[in-house]
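All remarks here apply to the structure that follows.
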Amino acid sequence: MYPFEMEKIIGAQDPILQPHSCLSFFHFLKTHHSNHSLKPDLKAHLILFSRLFKARKFATIKTILNSVVTDSQFRSPVSGIVDLLDEFEFHFVDKLCDMLFRVCSDNRLFPEAVRVFDYVEEKGFVIEERSCFVLLLALKRCGEIELCLRFFRRMVESNGIEIRVQSLTLVIDGLCKRGEVEKAKELMDEMVTKSIVKPTVFTYNTLLNAYVGRKDRSGVGEILRLMEKEPVVFSVATYSILIQWYSSSGDIGEVEKIFEEMRERKIEIDVYVYSSMISWNCRLVNMKRAFALFDEMAQRNVAPNAHTYGALIGGVCKAGQMEAAEILLEEMQSKGIDLNMIIFNTMIDGYCKRGMMDEALRLQTIMERKGFNADVFTFNILANGLCKLHRYDEAKCTLNSMVEKGVEPNVVTFTMFIEIYCKEGNLAEAERFFRDMEKKGEVPNIVTYNTLIDVYCKKEKVKLAHLTKSEMINKGLLPDVYTYTSLIHGECIVGRVDEALKIFDEMRSKGITGNVATYTSLISGLSKEGRADEAFKLYDEMIKMGLIPDDRVFSALVGSLHKPLTHAGLKQNEYEDLKVHITEAILLVAMATSEDMRINAEHIRIADQFVEVPGGTNNNNYANVQLILEIAEITHVDAVWPGWGHASENPELPDALKAKGIVTSYYTKLSKAPPETVKELEQAARRLAISVNYVGAATASDYRDNKIHTGWLDSRIAMRVRAERPPWYLSVVGGALYKATASSAALVSDYVGYLEKGQIPPKHISLVRSQVSLSIEGSKYTIDMIRGGPGSYKLKLNQSEIEAEIHTLRDGGLLMQLDGNSHVIYAEEEAAGTRLLIDGRTCLLQNDHDPSKLIGETPCKLLRYLVADDSHIDADTPYAEVEVKPCSLDVNTRKINIDAGQEETTVETILEELAQEIHSSVGVRMHRLGVFVWEVKLWITACGQANGAWRVIVNNVTGHTSTVHGKHVKDEEKWRLPKLL
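Last residue of the sequence shown: 981 in full-length UniProt numbering, with the numbers rising by one and none dropped.
See below:
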């Protein structure tokens with residue numbers, strides 16, 4: 001069959017075949033003949049398209065056209081088709097060109113698409129704007145942004161194409177994603193100025209999002225001004241972008257304002273906006289607000305997604321509240337929301353930061369059972385957690401196992417290896433890893449370089465540290481505050497303080513602000529050289545910047561006063577103020593295992609601060625030289641006393657500490673001391689005894705004459721004993737932690753009880769969040785408590801929040817750690833409330849008091865009322881008769897008058913008489929605890945056991961006002977007293 005015969009069959013004026021038969025015949029020729037001469041050529045295809053066009057079979061035309069342009073049988077099929085189009089009818093050609101243009105765009109045949117567009121323009125046809133959008137979209141997806149912009153301009157220049165805003169927005173989005181935000185903004189302005197197309201909220205959102213991503217404040221402001229000028233109504237996406245902008249800027253107030261505006265405008269807030277709000281609050285560890293938003297989602301029937309739960313889990317993990325994270329994880333799974341690697345890694349990281357490595361490793365096992373293989377982030381997190389516990393060998397094993405499992409290490413992995421070897425003192429191995437990084441395709445980052453610079457400086461290899469800094473700069477990395485601080489510290493160590501000051505000036509000239517470590521290094525260096533004036537100047541600068549000096553700063557400043565170059569301009573009152581700081585700066589820091597904390601070990605009780613260390617055998621803690629050395633460095637101690645045994649018998653400890661400039665303090669047995677030393681100590685002891693008027697066994701003659709007495713001690717105790725109260729904040733924090741600890745066991749029991757029954761615990765039972773109300777000294781405090789783990793709490797009061805830990809001691813007391821300091825708390829329930837003893841000072845957590853009621857606070861049985869209802873009762877008037885076991889007594893209201901100006905002895909006499917009166921009236925025993933402190937215990941004659949206590953205490957709080965507390969007194973009354981203590 002000749003081609004002209006084929007064309008006659010399928011496309012003559014009077015065609016032999018109908019369109020559907022024609023298609024079948026056409027398909028037969030294409031598939032059943034190997035002879036190319038019998039297969040339809042391009043012209044035959046065009047004739048077929050013409051027949052199908054008349055039959056309005058447009059979809060069929062497009063399908064066959066798609067196969068033609070991708071058929072390797074034809075060379076340049078698109079150009080061939082275009083060359084033949086002049087032989088066909090105008091309307092058919094117009095429609096076919098539009099189809100051909102789309103097919104080329106869909107197949108990413110961009111030059112061919114432009115060839116069709118050229119032909120259409122030449123012939124006066126028009127490609128539809130929607131078809132042009134298809135090409136723009138394909139170009140953008142392929143990253144051909146420049147070609148996309150050029151074609152858009154051709155569309156604009158073409159008179160027949162009406163530009164839609166979708167095309168403009170698409171091109172602007174492509175430019176923004178390539179970082180050409182200014183060019184995108186100029187394009188929008190040009191379209192507006194020429195009245196070609198008017199931007200919509202989607203166009204503005206695209207530019208706004210780009211400026212937010214660049215943190216371009218002026219750009220964000222310009223877009224918002226343009227939107228206000230038009231005006232353009234904000235969409236949900238606009239609000240989401242603005243929430244991201246203000247959150248990243250830390251302006252949470254503006255975020256809440258925008259969120260409230262959405263509510264006022266009744267804009268439907270979707271899960272993405274809620275998740276964004278929750279995410280940013282979680283990043284700021286504002287978990288109360290995050291959970292409030294989460295609850296609001298449930299109320300509005302907005303279902304949370306994986307991102308919502310991921311944000312909440314990340315927030316509670318950051319706050320150290322791992323129990324809350326576990327609850328959220330379980331809730332997430334119960335709702336059928338799939339877990340992902342990010343959530344698993346977040347949970348593992350949370351456990352690691354809390355030192356809960358067993359739980360972290362357990363979760364890794366669960367993760368792998370669910371089909372998630374640990375990635376490089378998982379291994380890095382686990383290794384970092386082990387490093388924080390000084391388990392360096394295990395950390396290295398974890399990282400090595402990662403490589404064995406085929407997981408490629410990243411820059412964090414290499415940096416961690418380098419840090420571990422630096423900590424172990426193996427600098428050669430650390431340097432080897434550093435050199436191997438680039439060989440393996442990993443480029444060191446600022447943290448990697450800072451790690452090496454720091455160890456070089458500590459080992460007095462300052463020149464090498466400077467060379468490393470230069471190499472870092474050559475690689476395009478700019479030094480930060482940690483780089484400069486390490487170099488300053490290194491120069492001070494080797495005694496080149498002037499060089500350190502030059503580095504300090506260079507750092508400030510680059511706009512980098514020093515931190516506490518920066519100023520501490522300089523002040524210490526200057527003080528060692530006796531340059532007190534310069535040291536004090538830096539100290540003043542440090543205070544103005546709001547940086548809080550530590551004990552090293554104060555110790556250095558005092559040391560500078562004893563150098564040849566003393567601080568000539570230091571005023572006497574400044575020196576006295578400094579001495580106060582020094583007194584506060586002398587701190588005892590103890591290492592503490594969980595076992596020792598439970599038994600309230602003596603060394604923990606007397607310490608001002610403690611650092612929790614791993615338990616178990618002493619090679620994990622008190623005999624671990626590396627651990628002692630690192631804690632000594634972290635806590636910045638001046639001296640270490642290793643005790644007896646443990647690491648004290650290891651000669652490596654004093655050498656290691658000496659290398660760090662830390663003194664090792666050992667107690668020497670007196671029996672090993674020279675005789676002259678023992679004699680000198682005895683004489684010093686006698687001088688001390690004489691200075692306090694002590695007469696005792698120190699002198700044999702005194703002992704023989706039986707002149708030994710402790711009156712000297714009693715008189716000094718009488719002068720110094722005070723029933724002092726702890727600072728108010730210790731009372732509040734200690735009281736809140738005591739209440740939370742006391743209620744925790746009951747809450748857990750209730751919660752587990754519901755779960756065992758297969759029930760969901762009610763919302764009011766929370767293992768994470770609670771609220772404690774305290775009444776102390778007439779003031780009421782309401783504290784929000786967020787539990788982050790066993791003994792770990794975050795306390796929020798008004799706009800302030802702190803973190804604290806509480807541990808139960810074996811003797812029933814509590815060990816509280818707050819702001820790095822430890823405090824021992826004991827509690828005793830009294831009728832008036834709960835009395836706390838915090839570090840030997842007492843405070844009362846008062847029960848809520850209703851002044852309209854008279855309540856008998858002693859366990860008793862009411863016999864009868866002595867007055868009628870609604871009667872007025874004067875002081876000292878019996879109002880009821882009660883029975884206490886076998887005896888009965890009247891419960892009286894009581895009023896005591898103590899006039900201002902009365903002497904201490906007079907006040908003591910009044911209180912003694914009061915105690916004796918109670919003793920004689922109810923049959924109790926009374927004894928004096930100390931100055932202004934009397935305790936009367938009520939005894940039951942029948943069994944001889946105490947069932948109550950009546951304690952009279954006068955506590956001097958301000959030096960002017962004192963309070964008398966009594967267990968049987970109905971109201972706590974206050975009297976104005978002279979300054980007695």
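C-beta: ideal position from N, C-alpha, C; glycine also.
#1: Where do the N-terminal and C-terminal ends of the alpha helix (DSSP H) with Phe610 fall, by residue?
#2: Could you tell me if the beta carbon of Asp608 falls within a distance shorter than 7 Å of some heavy atom in the ligand GDP?
#3: Which residues bound the beta strand (DSSP E) around Gln846?
#4: Leaving out five residues on either side along the sequence, give the residues of the same chain with a beta carbon under 7 Å from the beta carbon of Ser715.
#5: Report, in whole angstroms, the separation of the C-beta atoms of Val302 and Val255, which I expect to be a contact under 8 Å.
#6: Can you tell which of Lys54, Cys104, Lys57 and Pro614 has the C-alpha that lies nearest to the C-alpha of Asp71?
#7: What number of angstroms, rounded off, separates the C-alpha of Met191 from the C-alpha of Arg164?
#8: On the DSSP letters alone, give me the boundaries of the alpha helix (DSSP H) that Gly80 sits inside.
#9: So, is Lys318 buried or exposed, given that buried needs 16 or more other C-beta atoms within 10 angstroms?
#10: Does the segment 251–270 come close enough to the segment 221–228 to have 3 or more Cβ pairs within less than 8 Å?
#11: Going by alpha carbons, who is nearest to His636 out of Glu122, Ala592, Arg369 and Phe554?
#12: Does the distance from the CB of Val772 to the CB of Arg787 come in under 8 Å?
#13: In chain order, what are the residue ranges of uninterrupted alpha helix (DSSP H) at least 4 long that sit wholly in the segment 495–563?
#14: Which of helix, strand or coil does DSSP assign to Arg432?
#15: Kindly indicate which three-state DSSP category Pro40 falls into: helix, strand or coil?
#16: If you run the structure through DSSP and keep just helix, strand and coil, what is Ala210?
#17: I'd like to check one pair, Val640 with Ile662: are the Cβ atoms closer than 8 Å?
#18: For Tyr879, which three-state DSSP category applies?
#19: How long is the line joining the alpha carbons of Val824 and Lys660, rounded to whole angstroms?
#20: Once the 5 residues before and after Ile776 are set aside, which same chain residues still bring their CB inside 8 Å of it?
#21: Exposed or buried, Gly696, counting other C-beta atoms within 10 Å across all chains shown (16 or more means buried)?
#22: Buried or exposed: which applies to Gln321, given that a residue is buried once 16 or more other Cβ atoms fall within 10 Å of its Cβ?
#23: Along the chain, where does the alpha helix (DSSP H) that runs through Gly753 open and close?
#24: Can you give me the C-alpha to C-alpha distance between Leu795 and Leu136, rounded to a whole angstrom?
#25: Roughly how many angstroms lie between the CA atoms of Leu578 and Gly514, to the nearest whole one?
#26: Start and end of the alpha helix (DSSP H) containing Glu805?
#27: DSSP has Tyr239 in a bridge; who is on the other side?
#28: Determine the burial state of Glu87: buried for a count of at least 16 other Cβ atoms within 10 Å of its Cβ, exposed for fewer.
#29: Under a three-way DSSP split, which group does Met332 fall into?
#30: Which residues in the same chain have their Cβ closer than 7 Å to the Cβ of Tyr211, if we skip the five residues on either side of it in sequence?
#31: Rank Gln609, Asp596, Ile634 and Phe610 by C-alpha distance to the C-alpha of Thr617 and give the top, closest one.
#32: Are the segment 196–206 and the segment 153–168 touching, with three or more C-beta to C-beta distances below 8 Å?
#33: According to DSSP, what are the bridge partners of Asn445?
#34: Please classify Asn621 as buried or exposed, where buried requires at least 16 neighbouring CB atoms within 10 angstroms.
#35: Specify, as a first and last residue, the run of the alpha helix (DSSP H) that Asn380 falls within.
#36: Tell me whether the segment 58–70 and the segment 96–112 touch, counting them as touching only if at least three CB pairs, one residue from each stretch, are closer than 8 Å.
Once the coordinates are examined:
#1: Premise fails: Phe610 lies in the beta strand (DSSP E), Gln609 to Glu612, not in any alpha helix (DSSP H).
#2: Absence of the ligand GDP is noted for the structure shown, with no ligands found whatsoever.
#3: Arg841 to Gln846
#4: Any reading at Ser715 needs caution, since the residue's pLDDT is 44, under 50, leaving its predicted position unreliable; the model's value is listed next. Around Ser715: no qualifying Cβ.
#5: About 18 Å separates the two Cβ atoms, so there is no contact after all.
#6: Cys104
#7: 11 Å
#8: Pro77 to Leu84
#9: buried
#10: no
#11: Phe554
#12: no
#13: 497–509, 516–528, 532–544 and 551–560
#14: helix
#15: coil
#16: helix
#17: yes
#18: strand
#19: 32 Å
#20: Trp728, Ser731, Val732, Gly735, Cys843, Leu844, Leu845 and Gln846
#21: In this prediction, Gly696 has a pLDDT of 43, which is less than 50 and means its spatial position is unreliable; nothing more can be read from the coordinates.
#22: buried
#23: Trp728 to Glu756
#24: 56 Å
#25: Residue confidence is low: Leu578 scores 48 on pLDDT, short of 50, so the model does not pin down where it sits. Its coordinate-derived value is still stated next. Near 23 Å, if we compare the C-alpha coordinates of Gly514 and Leu578.
#26: No alpha helix (DSSP H) holds Glu805; the beta strand (DSSP E) holding it covers Ser800 to Thr808.
#27: According to DSSP, which records beta bridges pairwise, Tyr239 is partnered with nothing at all.
#28: exposed
#29: helix
#30: Val181, Gly219, Val220 and Ile223
#31: Asp596
#32: yes
#33: Per DSSP, none; premise fails for Asn445.
#34: buried
#35: Val376 to Lys388
#36: yes
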